[in-house]
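Here the structure comes first, spelled out in structure tokens, and everything after it is commentary.
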Amino acid sequence: MAKNKTVETTASVNDFLATVTDDSRKQDCFTIVKLMEELSGFKAKMWGPAIIGCGFYHYKYASGHEGDMPLIAFSPRKNDLTIYLEASFDNKDELLERLGKHKTGKVCLYIKKLADVDMEVLKELMALSLKKSNL
Numbered sequence: 053m054a055k056n057k058t059v060e061t062t063a064s065v066n067d068f069l070a071t072v073t074d075d076s077r078k079q080d081c082f083t084i085v086k087l088m089e090e091l092s093g094f095k096a097k098m099w100g101p102a103i104i105g106c107g108f109y110h111y112k113y114a115s116g117h118e119g120d121m122p123l124i125a126f127s128p129r130k131n132d133l134t135i136y137l138e139a140s141f142d143n144k145d146e147l148l149e150r151l152g153k154h155k156t157g158k159v160c161l162y163i164k165k166l167a168d169v170d171m172e173v174l175k176e177l178m179a180l181s182l183k184k185s186n187l
């Protein structure tokens, strides 16, 4: 069975974020990390080379494949700040309508910069996603 690439590492979150060259984007990254830590109650850790996550849950599929994933995570990708949320949870669609400028994938929320979104709505999205993943 293939090994998971996204695993918790001992790499430094601060060292990783120091590689973000744009100062405004770097500040957004630190703001997201602080928010994830406050909401989850867990210290942010690196998961693989480019994902920052808080807490974890264990999963096991019927196929026997199993592993751990962060409860909530994000990555400063080339074009977007990518926040990983649960695929579905109460009020998700309504909150996304109120969030501001963003794009979505199945479990990804893509934001160019935090100034484009309503931070209270983002905080609520993240809190509800954490609640769903902690069941």
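If you number the sequence shown the way the numbering used here does, the last residue is 187 and the count never jumps.
Every residue, glycine too, gets a C-beta built ideally from N, C-alpha and C.
Ranked by how close their Cα comes to the Cα of Val85, the residues Gly116, Asp75, Gly105 have Gly105 in first place. If you draw a straight line from the Cα of Ala63 to the Cα of Glu172, it is about 30 Å long.
Here the stretch 174–184 lies against the stretch 85–102, with 3 or more beta-carbon pairs under 8 Å apart. In the three-state scheme derived from DSSP, where H, G and I count as helix and E and B as strand, Val85 is classed as helix. Three or more Cβ pairs closer than 8 Å define a contact, and the stretch 113–121 falls short of that threshold against the stretch 73–85. The alpha helix (DSSP H) runs of length 4 or more contained entirely in the stretch 68–126 are, from start to end of the chain, 75–92. Scanning Val59, Lys165, Val169, Asp170 for the CA closest to the CA of Met98 turns up Val59.
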